[in-house]
Each structure stands twice: as structure tokens, then as C-alpha cells.
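J.: Protein chains in written order, with the numbering used here: chain E, 80 to 209; chain D, 16 to 251.
By construction, the Cβ of each residue, glycine as well, lies at the ideal position given by its N, Cα and C atoms.
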């Protein structure tokens with residue numbers, strides 16, 4: 080990895096981190112979900128600045144080409160994030176279901192109450208006539 | 016005893032009025048609630064025009080979410096027994112008393128209307144029959160229960176079961192899995208012979224290209240149900 084590639088990667092990651100922070104600042108992303116992106120961005124940046132770490136890790140684990148280790152770790156990280164998102168999605172789905180159900184029930188009760196109110200008004204009026 | 020019929024309906028505008036008339040005639044002591052599962056036809060208008068008691072879901076939740084809404088409604092309105100019955104006319108209200116009898120007598124907490132005990136009436140087509148036999152066998156292996164019609168959507172339950180269903184109800188193809196769930200909660204489950212009609216209008220929720228997913232989902236769910244921990248159901 081030559082100096083140009085290193086600077087290039089660092090700049091991209093930096094831009095990405097700034098973008099995530101701006102999303103956080105505008106409250107468009109939950110901190111809980113931003114954290115994993117911030118941490119992975121920082122890790123990529125450290126590896127780009129010190130490529131020796133990757134080479135050392137590769138030879139220690141027994142991966143011939145350090146780049147294969149990058150691919151491997153990248154795929155693993157992606158799988159973990161997708162799985163976490165599936166869990167989050169399932170929870171959200173349950174919440175949406177309950178909201179939809181309760182909306183329908185409350186709407187039904189509300190129209191019952193409105194109708195009863197009308198009936199009361201009618202009886203009140205007929206009482207007045209007497 | 017307050018009894019509620021839960022009628023899930025998705026695009027059943029044409030059959031609901033007849034069904035409610037049928038209920039009022041042959042089962043007048045039962046209340047009913049239609050769950051309009053975000054229908055795309057004029058189900059909602061039909062309900063409003065004819066003054067039918069209905070809950071209109073703003074999203075299409077599928078059969079599980081719709082039926083669960085009925086159980087939530089039953090709990091909120093203090094019903095003693097809730098009966099699930101299809102909106103398409105395949106379940107005959109004439110069998111309601113027979114269906115709830117074991118619950119009324121305190122001999123069961125949950126009953127299933129089975130078309131395969133007396134083997135009369137509409138018996139379903141060959142492949143579907145085979146699927147039901149498979150699910151019956153899976154239930155038998157994992158719970159020991161002798162269920163003949165695991166997929167029947169004609170079912171009745173008492174208040175305690177309503178709370179279980181309100182807290183968890185499978186979203187799609189729910190029937191066989193809920194039997195395993197209730198077994199885990201140690202409820203008494205009984206089947207009652209009924210005669211079903213071929214659905215008059217509408218299509219079965221099990222469509223042509225779904226059977227593989229259906230069988231896989233339900234089989235695995237029944238097995239997973241046995242692995243779940245017995246969790247105390249919160250009241251209300």
C-alpha cells in the first residue's frame with residue numbers, strides 16, 4: 080500500500096465519519112445504531128494508517144495475503160450488522176402490529192361512545208319535550 | 016356467559032352481510048367482531064352501511080395479526096369465550112354450541128372444530144390433506160396430542176388462552192403452532208367434530224406458490240415452540 084492509497088482511504092473514512100456525526104447531530108440516526116459504524120470506520124482508519132498491523136495479524140493467523148483478511152473481516156462485520164438489523168426489524172414489526180391493532184380497537188370504542196352520546200342527547204331532548 | 020365470534024376478513028365484502036345474518040339467525044346469543052384486515056375492496060363501506068360491528072386495521076397484518084386483534088378486543092370487553100370463525104362461509108355457525116361445550120362444561124380450555132373426526136362434508140383436496148396429516152404427525156411427535164385437524168381455523172378458547180394469544184400469536188399460518196404453544200402452557204385442548212363447507216367466496220390464504228414455505232415454517236415453529244421457556248403471561 081503506497082502513501083497515496085493510504086491518504087485516499089483515510090480521507091474517505093474521514094468523510095464517512097463526518098457524515099455519520101452530522102446524522103447524529105441532526106438526530107436522524109440512533110446513537111445505538113451509529114456506534115457500530117463509527118467503530119468500524121475508526122478501525123479501518125487505523126489499519127490504513129498502520130498497514131503493518133494487518134500484515135502482522137495475517138501472518139499470525141496464517142492468512143497468506145493480508146487483503147484476504149480484510150475481505151474476511153469485512154464480510155463477518157457485514158453479517159453481524161445485517162443480523163442485528165433483522166432483530167431490530169422484528170421488534171419494530173411487533174410494535175407496528177400492536178399500534179395498528181390498538182388504533183382499530185380504540186377507533187371502534189370511540190365511535191361507540193360518539194353514538195351513545197348522540198342517543199343520550201336524543202333522550203335528553205325527548206325528556207325536555209315531556 | 017359472554018361469547019364473542021372473531022371473524023377475520025380480507026376482501027370479503029360480498030360474504031360478510033350474509034354471514035352476520037346467518038349468525039343472528041342461528042346463533043343469536045353470540046356477539047361478533049369483524050376484523051377488516053386492511054381490505055382493498057369495499058369491506059369497510061359494507062360494514063359501515065350495514066352497521067356491522069367491525070375493527071378496521073389501517074395496515075394489512077395478515078391472518079395472525081388480524082385474529083390477535085380479535086383476542087385483544089375480547090379481553091378488553093371481558094368476554095368469557097372467544098371463537099375464531101372464517102369470514103368466507105366455510106364454517107357453519109350451527110356448530111358453535113357444540114364447539115364451546117367442552118369449555119362451558121370446564122372440560123377444556125381450547126377447542127378445535129375438526130372436519131376429520133366424522134369425515135363428513137368438505138374434506139380438502141389431496142395435497143392439502145397430506146400437508147395436514149404431516150402437521151398432525153409433527154404435533155403428535157412433539158406434544159403427544161392426537162390432533163386430526165391442526166390447520167382448522169374454527170376454534171374456541173377461554174379467557175386464560177386469550178391472554179396467551181394476546182401476548183404472542185404467530186403472524187402467518189398460525190394455527191398449528193398455537194396448538195403447540197398452548198400445550199406448553201399446559202392448557203387442555205379438545206377437538207370437536209364439525210362439518211365444513213367448501214369456501215363460498217374468496218381464496219384460501221394458502222396460495223399456490225406458498226406451500227413449501229408454509230410446511231417449512233409451521234414444522235420448524237412447532238419444534239421451536241417446544242424449546243421456548245414457559246413464560247408467565249402478563250395480565251391485561
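Where residue 191 of chain D and residue 122 of chain D are concerned, what is the direct C-alpha to C-alpha distance, given to the nearest angstrom?
T.: Indexing the second chain from 1 puts residue 191 of chain D at position 176. Indexing the second chain from 1 puts residue 122 of chain D at position 107. The straight-line gap from Cα to Cα measures roughly 21 Å.
J.: Per DSSP, residue 125 of chain D is paired with what?
T.: In the second chain, residue 125 of chain D corresponds to position 110, counting from 1. According to DSSP, which records beta bridges pairwise, residue 125 of chain D is partnered with D/172 and D/204.
J.: Pick from D/80, D/117, D/136 and D/126: whose alpha carbon is nearest that of residue 175 of chain E?
T.: In the first chain, residue 175 of chain E corresponds to position 96, counting from 1. Ranking D/80, D/117, D/136 and D/126 by Cα distance to residue 175 of chain E puts D/80 first.
J.: Output yes if chain E places a C-beta closer than 8 Å to the C-beta of residue 10 of chain D; else output no.
T.: Nothing can be reported for residue 10 of chain D, as the shown portion of chain D is limited to 16 through 251.
J.: Where does residue 192 of chain E fall in DSSP's three states?
T.: What you label residue 192 of chain E is simply residue 113 of the first chain in a count that begins at 1. The answer is helix: DSSP assigns residue 192 of chain E an H, G or I state.
J.: Do residue 19 of chain D and residue 98 of chain D come within 8 Å of each other at the CB atom, strictly closer than that value?
T.: Here residue 98 of chain D is taken as the residue at index 83 of the second chain, counted from 1. Here residue 19 of chain D is taken as the residue at index 4 of the second chain, counted from 1. Result yes, Cβ atoms of residue 98 of chain D and residue 19 of chain D sit closer than 8 Å.
J.: Quick one: grab the DSSP three-state call for residue 97 of chain D.
T.: Along the second chain, one-based indexing puts residue 97 of chain D at 82. If DSSP states are grouped into helix, strand and coil, residue 97 of chain D belongs with the strands.
J.: Going along chain D, which residues have a C-beta under 7 Å from residue 176 of chain E?
T.: Counted from its first residue, the first chain places residue 176 of chain E at position 97. Simply 76 and 80.
J.: For residue 180 of chain E and residue 83 of chain D, which I take to be in contact (beta-carbon distance under 8 Å), what is that distance rounded to the nearest angstrom?
T.: Your numbering for residue 180 of chain E matches position 101 in the first chain. Your numbering for residue 83 of chain D matches position 68 in the second chain. Going by Cβ atoms, the distance from residue 180 of chain E to residue 83 of chain D rounds to 7 Å, so yes, they are a contact pair.
J.: Just the C-alpha distance for residue 87 of chain D and residue 177 of chain D, rounded to the nearest angstrom, thanks.
T.: As a working note, residue 87 of chain D is residue 72 in the second chain. As a working note, residue 177 of chain D is residue 162 in the second chain. When rounded, the distance between both Cα atoms is 8 Å.
J.: Residue 184 of chain E and residue 70 of chain D - do their beta-carbons sit closer together than 8 Å?
T.: Working through the second chain from its first residue, we reach residue 70 of chain D at position 55. Working through the first chain from its first residue, we reach residue 184 of chain E at position 105. Result yes, Cβ atoms of residue 70 of chain D and residue 184 of chain E sit closer than 8 Å.
J.: Leaving out the 5 sequence neighbours to the left and right, which residues in its chain are closer than 7 Å to residue 188 of chain D when beta-carbon positions are compared?
T.: The count along the second chain starts at 1 and reaches residue 188 of chain D at position 173. Excluding sequence neighbours, residue 188 of chain D sits near 229, 232 and 233.
J.: Should residue 16 of chain D be labelled buried (16 or more other beta-carbon atoms within 10 Å of its own) or exposed?
T.: Position 1 of the second chain holds residue 16 of chain D. Exposed, because fewer than 16 other Cβ atoms sit within 10 Å of the Cβ of residue 16 of chain D.
J.: Taking Cβ positions, are residue 179 of chain D and residue 126 of chain D nearer each other than 8 Å?
T.: Position 164 of the second chain, counted from the start, is the residue given in the question as residue 179 of chain D. Position 111 of the second chain, counted from the start, is the residue given in the question as residue 126 of chain D. In this structure, residue 126 of chain D does not lie closer than 8 Å to residue 179 of chain D by Cβ.
J.: Which residue's Cα is closest to the Cα of residue 237 of chain D: D/211, D/131 and D/156?
T.: As a first step, residue 237 of chain D is located in the second chain; it is residue number 222 there, counting from the start. Closest option to residue 237 of chain D, Cα to Cα, is D/156.
J.: Is there a Cβ of chain D sitting closer than 8 Å to that of residue 183 of chain E, yes or no?
T.: Translated into positions along the first chain, residue 183 of chain E becomes position 104. Yes, residue 183 of chain E lies at the interface with chain D (some Cβ there is under 8 Å from its Cβ).
J.: How big is the Cα-Cα spacing for residue 148 of chain D and residue 154 of chain D?
T.: Locating residue 148 of chain D in the second chain gives position 133, where the first residue counts as 1. Locating residue 154 of chain D in the second chain gives position 139, where the first residue counts as 1. Approximately 10 Å, taken between the alpha carbons.
J.: Quick one: residues in its chain with C-beta nearer than 8 Å to the C-beta of residue 120 of chain E, no 5 flanking neighbours on either side, listed in chain order?
T.: Numbered from its first residue, the first chain carries residue 120 of chain E at position 41. Only 92, 95, 96 and 99 meet the Cβ criterion.
J.: Alpha carbons only, please: which of D/114, D/67, D/106 and D/44 is nearest the one belonging to residue 51 of chain D?
T.: Walking along the second chain from the start, residue 51 of chain D turns up at place 36. That would be D/67, whose Cα lies nearest to the Cα of residue 51 of chain D.
J.: Using the C-alpha atoms, what's the distance from residue 194 of chain E back to residue 103 of chain E?
T.: Here residue 103 of chain E refers to the residue found at position 24 of the first chain. Here residue 194 of chain E refers to the residue found at position 115 of the first chain. The straight-line gap from Cα to Cα measures roughly 47 Å.
J.: Run through DSSP, which three-state label would residue 230 of chain D get?
T.: The residue given as residue 230 of chain D occupies position 215 in the second chain. Three-state DSSP puts residue 230 of chain D in a helix.
J.: Since residue 23 of chain D is in the alpha helix (DSSP H), which residue starts that stretch and which ends it?
T.: Along the second chain, one-based indexing puts residue 23 of chain D at 8. Unbroken run through residue 23 of chain D is the beta strand (DSSP E), 18-24; no alpha helix (DSSP H).
J.: Can you name the residues that DSSP bridges to residue 50 of chain D?
T.: Mapped onto the second chain, residue 50 of chain D falls at position 35. In the DSSP output, where bridge partners are listed per residue, residue 50 of chain D has D/23 and D/70.
J.: Just to confirm, is the Cβ distance from residue 130 of chain D to residue 136 of chain D under 8 Å?
T.: Position 115 of the second chain, counted from the start, is the residue given in the question as residue 130 of chain D. Position 121 of the second chain, counted from the start, is the residue given in the question as residue 136 of chain D. Contact flag set, yes.
J.: Roughly how far, in whole angstroms, is the beta-carbon of residue 22 of chain D from the beta-carbon of residue 100 of chain D, given that I think they are within contact range, below 8 Å?
T.: Residue numbering aside, residue 22 of chain D sits at position 7 when the second chain is read from its first letter. Residue numbering aside, residue 100 of chain D sits at position 85 when the second chain is read from its first letter. Sure, about 6 Å apart at Cβ, within 8 Å.
J.: Taking the straight line between their C-alpha atoms, what separation do you get for residue 182 of chain D and residue 113 of chain D?
T.: Here residue 182 of chain D is taken as the residue at index 167 of the second chain, counted from 1. Here residue 113 of chain D is taken as the residue at index 98 of the second chain, counted from 1. One C-alpha to the other measures close to 27 Å.
J.: Reducing DSSP to helix, strand and coil, say where residue 102 of chain D ends up.
T.: As a first step, residue 102 of chain D is located in the second chain; it is residue number 87 there, counting from the start. Residue state, collapsed to three classes: coil.
J.: Which residues does DSSP list as the beta-bridge partners of residue 136 of chain D?
T.: Translated into the one-based positions of the second chain, residue 136 of chain D becomes position 121. For residue 136 of chain D, which the question treats as bridged, DSSP gives the partners D/211.
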